[in-house]
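Visitor: Residue numbers (UniProt numbering), protein chains in the order written: chain A, 1 to 402; chain B, 1 to 222. Pasting a structure below so you can have a look.
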Amino acid sequence: MKKRVLIFTGIILIITVSLGIFGGIVIYKADRFEVRRVQNMAGAVISEYPQAESIFIDAAIDEAFKYEAEGADILSSYGYDEDMHVKDQYKTLIYVYSGMIILLFLLSLGAGYGIFVYISRNQKKREKLLLCMLDDCISGDFEFIDDEKNFELLEGSALLDSLMKLAGSLRLKTARLNEERDNTKTLVTDISHQLKTPISAMKVCFDMYLEADSDSEKKEFLDRSMTQMDKLESLTAALINISRLENNMISLNPEKVHLQRLLIDVVNTEYYKASVKNIEVEVEEFKDIELFIDKKWTVEAIANIVDNGIKYSPEGSRINIKVTKMFSFVRIEIEDQGIGIPKEDRNKIFLRFFRGDSDIVKGQDGSGVGLYLTRKILEEQGGTVSVKSGGEGSTFVVQIPL
Amino acid sequence: MDIILETKDLCKYYGEGENLVKAVDKVNIQIQQGEFVTIVGKSGSGKSTLLHMLGALDRPTSGQVWLAGKNIEGFSEDALAKIRRRKIGFIFQAFNLVPSLNVWENVVLPIGLDGRAVDVDFVKDILKTLGLDGKARNLPNTLSGGQQQRTAIARAIAAKPSIILADEPTGNLDSKTGDEVMALLKFSAKKYGQTLVVITHDEDIAQMADRTIIIEDGKVVK
């Protein structure tokens, strides 16, 4: 941009300076003519009449032009008036000068036109490139973002910057949409898979019921199908939660929440289950912190962790909840004295429908949904959950942004 | 989904004959746009060598690295340097901040070196996200380890790279600060749509990732 301004100023300067120089030359030439004419007249008069020399010199240096009118009269009687004078002596000079001006005019016109064509051609190229990029945007092809060539031609263009921002955010959105679609696909597969087992078990029970001979047998199969029914019921309840969260049907509504209040709610939710196993859930004292989160879902997220702790801890043990305020996050550690989580499973426990292999885990009711939901809820709010486990007991670490 | 980073039979050998060390041996991995991947392995497993080749800091003995659909094998040093500056943000264990520059200057340094204009609003937003908005004029030696690593994260994100490569980013931090820095790294990479590859020996950190690649003796185990 600066370069262009410089070139433009240069051209204007050249035109002005050449006009000045030509004007100067013309004035100088005219002056030379005038001097020569006076010299000629002086020579002619003084060589004939030497006594007229002083009169002539006086007239030459007289600034008031006392004899101008008389001279004009005499000369004009010879047809030598101002018009003749100009026509004869200055004609060429005027022609040359006008010629120069016309030439300069044509030159700058040509140069200006050339520059215009160059700029508009460049402009067209840029426009074409921008249009191509927009077309790519529309058709969802964002590879041009990574193409260095585009940057060279459009360097420093404000349009390019905005377009890049637009393309970047569109690419992000498209990627997220695709991810969501993939998620929904696997979710449907996963859910169907989860539902298959209890339904086929129930079907077997009903078949047996229909073929049963005695009433006691019939009752047994009915009881069994009832158990399967219960499983199915809790599973569908969990699945509904997942699908709502997956498809963003539930919008998290962040509000100002006091962490102490939130943890009391967590403990209250799990109070009954804990008291049955005589497990003490204790929250270590801490200075209250205000968070901006969805209360209902965050309580659910942390309660799921405590629920897991209760499930896999022996009777009479404790679950300890400790809060530390960090720089950008609050760190909540939930420590139990349960069976712990084998190292190779620690990455998997937050996956949908994952359940451990050990007999203790298999002996407990569960669908592998709780911790998955926990992670989903926390991550949705910019938080994290992870687990540290050292053989006996597990410590879950929840981080929520301040 | 778009694959942003891919290796094809990637190998890096050192020495020869009996002393031949296969630091990275026939590694084939694919990393998708926007993914958060951890590469976990013990020290000496070749994970750092792998990261250096992913980040075009080192050339492989054989095999290829494909970045955003381009094979970078035949690229000149200048072209590679350009790619490193524009496409990849690096975060190292040792923070690597310039001690005589303040936080803001450290963060915008790579953009300046690349001759690009600094998107001031964007950088301010990053500093705010990382909790550094009050520290912009501070020199690195007045910051805690966690704050220094946050500055390094801000620097990696500010140049708007498509990929962030982090080599043991929490190695110099206590475990609580480490957890927090990882959460921030994950959160900001997601916010700005960047792909995140973190190398670590700490499997607890790997839990936060979408996917974990385990490497042993230069080979991908899982």
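Virtual Cβ for every residue (Gly too), placed ideally from N, Cα, C. Keep in mind it's a predicted model, so treat the numbers as computed, not measured.
To the nearest angstrom, report how far apart G356 (chain A) and A136 (chain B) are at their CA atoms.
Guide: Within the first sequence, residue 356 (chain A) is the residue found at index 356, counting from 1. Within the second sequence, residue 136 (chain B) is the residue found at index 136, counting from 1. About 47 Å.
Visitor: In whole angstroms, give me the CA-to-CA distance for V330 (chain A) and K176 (chain B).
Guide: Counted from its first residue, the first sequence places residue 330 (chain A) at position 330. Counted from its first residue, the second sequence places residue 176 (chain B) at position 176. If you take the alpha carbons of V330 (chain A) and K176 (chain B), they lie about 11 Å apart.
Visitor: Per DSSP, what kind of secondary structure is V397 (chain A) in: helix, strand or coil?
Guide: Start at 1 with the first residue of the first sequence, and residue 397 (chain A) comes out as number 397. Note: V397 (chain A) maps to strand in three-state DSSP.
Visitor: From L232 (chain A) to I242 (chain A), what does the alpha carbon distance come to, in whole angstroms?
Guide: Here residue 232 (chain A) corresponds to residue number 232 of the first sequence, with the count starting at 1. Here residue 242 (chain A) corresponds to residue number 242 of the first sequence, with the count starting at 1. C-alpha separation (whole angstroms): 15 Å.
Visitor: Taking the beta strand (DSSP E) that T384 (chain A) belongs to, which residues open and close that run?
Guide: As a working mapping, residue 384 (chain A) is identified with position 384 in the first sequence. Note, T384 (chain A): beta strand (DSSP E), T384 to S389.
Visitor: Can you have a look at E152 (chain A) and say buried or exposed, based on whether 16 or more other CB atoms are within 10 angstroms of its CB?
Guide: In the first sequence, counting from the first residue as 1, residue 152 (chain A) sits at position 152. Counting of Cβ neighbours within 10 angstroms places E152 (chain A) among the exposed residues, the total staying below 16.
Visitor: Find out if the Cβ-Cβ distance for the pair K219 (chain A), Y209 (chain A) is shorter than 7 Å.
Guide: Your numbering for residue 219 (chain A) matches position 219 in the first sequence. Your numbering for residue 209 (chain A) matches position 209 in the first sequence. Result no, Cβ atoms of K219 (chain A) and Y209 (chain A) do not sit closer than 7 Å.
Visitor: Can you say whether P110 (chain B) is buried or exposed, counting buried as having 16 or more other CB atoms within 10 angstroms of its CB?
Guide: Mapped onto the second sequence, residue 110 (chain B) falls at position 110. P110 (chain B) is buried by the Cβ-count criterion.
Visitor: Please state whether the Cβ-Cβ distance between V24 (chain B) and K12 (chain B) is less than 7 Å.
Guide: What you label residue 24 (chain B) is simply residue 24 of the second sequence in a count that begins at 1. What you label residue 12 (chain B) is simply residue 12 of the second sequence in a count that begins at 1. In this structure, K12 (chain B) lies closer than 7 Å to V24 (chain B) by Cβ.
Visitor: Pull up the distance between the alpha-carbon of D31 (chain A) and that of T16 (chain A), whole angstroms please.
Guide: What you label residue 31 (chain A) is simply residue 31 of the first sequence in a count that begins at 1. What you label residue 16 (chain A) is simply residue 16 of the first sequence in a count that begins at 1. Each residue's Cα considered, the two are about 23 Å apart.
Visitor: Any idea if R261 (chain A) is buried or exposed, counting beta-carbon neighbours within 10 angstroms, 16 or more meaning buried?
Guide: In the first sequence, residue 261 (chain A) corresponds to position 261, counting from 1. Burial call: exposed.
Visitor: Could you check what DSSP says for F327 (chain A) in three-state terms: helix, strand or coil?
Guide: In the first sequence, residue 327 (chain A) corresponds to position 327, counting from 1. F327 (chain A) falls in the coil class under three-state DSSP.
Visitor: Just to make sure I have the definition right: I need the residues of chain B whose C-beta is within less than 7 Å of the C-beta of M326 (chain A). Which are they?
Guide: On the first sequence, position 326 is the one that residue 326 (chain A) refers to. The contacting residues are K176 and E180.
Visitor: Note down, in chain order, every chain B residue with its Cβ under 8 Å from the Cβ of F144 (chain A).
Guide: To locate residue 144 (chain A), count along the first sequence from 1; it is residue 144. Within 8 Å Cβ-Cβ: nothing; F144 (chain A) doesn't reach chain B, min ~11 Å.
Visitor: How is K222 (chain B) classed by DSSP in three states: helix, strand or coil?
Guide: Position 222 of the second sequence, counted from the start, is the residue given in the question as residue 222 (chain B). DSSP places K222 (chain B) in the coil class of the three-state scheme, outside both helix and strand.
Visitor: Considering only the beta carbon of each residue, do N138 (chain B) and V103 (chain B) sit closer than 7 Å?
Guide: Position 138 of the second sequence holds residue 138 (chain B). Position 103 of the second sequence holds residue 103 (chain B). Cβ distance < 7 Å, so N138 (chain B) and V103 (chain B) count as in contact.
Visitor: Determine the contact status of A152 (chain B) and I91 (chain B), defining contact as a CB-CB distance below 7 Å.
Guide: Position 152 of the second sequence, counted from the start, is the residue given in the question as residue 152 (chain B). Position 91 of the second sequence, counted from the start, is the residue given in the question as residue 91 (chain B). Cβ atoms of A152 (chain B) and I91 (chain B): closer than 7 Å.
Visitor: Can a CB atom of chain D be found closer than 7 Å to the CB of F187 (chain B)?
Guide: Note that chain D does not occur in the displayed structure, where the protein chains are A and B.
Visitor: Are the Cβ atoms of I240 (chain A) and V283 (chain A) separated by less than 7 Å?
Guide: Start at 1 with the first residue of the first sequence, and residue 240 (chain A) comes out as number 240. Start at 1 with the first residue of the first sequence, and residue 283 (chain A) comes out as number 283. No, they are not a contact pair.
Visitor: With burial defined as no fewer than 16 other Cβ atoms inside 10 Å of the residue's Cβ, what is the status of L109 (chain A): buried or exposed?
Guide: Translated into the one-based positions of the first sequence, residue 109 (chain A) becomes position 109. An exposed status is given to L109 (chain A), since fewer than 16 other beta-carbon atoms sit within 10 Å of its beta-carbon.
Visitor: Which of the three DSSP states, helix, strand or coil, is assigned to F90 (chain B)?
Guide: Locating residue 90 (chain B) in the second sequence gives position 90, where the first residue counts as 1. The answer is strand: DSSP assigns F90 (chain B) an E or B state.
Visitor: Name the DSSP beta bridge partners of R224 (chain A), please?
Guide: Locating residue 224 (chain A) in the first sequence gives position 224, counting from the first residue. R224 (chain A) pairs with nothing; no bridge assigned.
Visitor: Using 8 Å as the Cβ pair cut-off and three pairs as the minimum, do the stretch 44-55 of chain B and the stretch 109-128 of chain B touch?
Guide: no
Visitor: Name the chain B residues whose beta carbon is nearer than 9 Å to that of R346 (chain A)?
Guide: Walking along the first sequence from the start, residue 346 (chain A) turns up at place 346. Result: E203, D204, A206 and Q207.
Visitor: Shorter than 7 Å from the beta carbon of A183 (chain B) to some beta carbon of chain A?
Guide: Position 183 of the second sequence, counted from the first residue, corresponds to residue 183 (chain B). Taking 7 Å as the CB threshold, A183 (chain B) lines the interface with chain A.
Visitor: For Y14 (chain B), write down the residues that DSSP places opposite it in a beta bridge.
Guide: Position 14 of the second sequence, counting from 1, holds the residue named residue 14 (chain B). Beta-bridge pairing links Y14 (chain B) to B:V21.
Visitor: Under 7 Å between the Cβ atoms of T61 (chain B) and T200 (chain B)?
Guide: Here residue 61 (chain B) refers to the residue found at position 61 of the second sequence. Here residue 200 (chain B) refers to the residue found at position 200 of the second sequence. Taking 7 Å as the Cβ cut-off, T61 (chain B) and T200 (chain B) do not qualify as a contacting pair.
Visitor: If I measure Cβ to Cβ from I334 (chain A) and keep anything under 6 Å in the same chain, skipping five residues before and after, which residues do I get?
Guide: The count along the first sequence starts at 1 and reaches residue 334 (chain A) at position 334. Residues I305, I321 and F396 of the same chain have their beta carbon placed closer than 6 Å to that of I334 (chain A), with the five preceding and five following residues left out of the count.
Visitor: Report the CB separation of E6 (chain B) from R211 (chain B) in whole angstroms; it is logged as a contact under 8 Å.
Guide: Locating residue 6 (chain B) in the second sequence gives position 6, counting from the first residue. Locating residue 211 (chain B) in the second sequence gives position 211, counting from the first residue. Actually they are not in contact, since the Cβ atoms of E6 (chain B) and R211 (chain B) sit about 14 Å apart, beyond 8 Å.
Visitor: Expressed to the nearest angstrom, what Euclidean distance is found between the alpha-carbon atoms of F327 (chain A) and I157 (chain B)?
Guide: Within the first sequence, the letter at position 327 stands for residue 327 (chain A). Within the second sequence, the letter at position 157 stands for residue 157 (chain B). Each residue's Cα considered, the two are about 20 Å apart.
Visitor: Give every residue of the same chain whose Cβ lies closer than 6 Å to the Cβ of P198 (chain A), excluding the five residues on either side of it in the sequence, and list them in chain order.
Guide: In the first sequence, the residue the question calls residue 198 (chain A) occupies position 198. Hits under 6 Å: Q228, K231 and L232.
Visitor: In three-state DSSP terms, what is D213 (chain A)?
Guide: Along the first sequence, one-based indexing puts residue 213 (chain A) at 213. The DSSP-derived three-state label of D213 (chain A) is coil.
Visitor: Run through DSSP, which three-state label would L139 (chain B) get?
Guide: By one-based count along the second sequence, residue 139 (chain B) stands at place 139. The answer is coil: DSSP assigns L139 (chain B) none of H, G, I, E or B.
Visitor: Using the DSSP secondary-structure output, state which residues sit across from N71 (chain B) in a beta bridge.
Guide: Here residue 71 (chain B) is taken as the residue at index 71 of the second sequence, counted from 1. Beta bridge pairing from DSSP links N71 (chain B) with B:W66.
Visitor: If you run the structure through DSSP and keep just helix, strand and coil, what is residue 419 (chain A)?
Guide: Coverage of chain A is limited to positions 1 through 402, which leaves residue 419 (chain A) absent and any answer about it impossible.
Visitor: If contacts are defined as beta-carbon pairs under 8 Å, then D217 (chain B) and S45 (chain B) qualify, I think. What distance do you get, rounded to the angstrom?
Guide: Residue mapping note: residue 217 (chain B) aligns to position 217 of the second sequence, counting from 1. Residue mapping note: residue 45 (chain B) aligns to position 45 of the second sequence, counting from 1. With 8 Å as the limit, D217 (chain B) and S45 (chain B) qualify as a contact, their Cβ atoms being about 6 Å apart.
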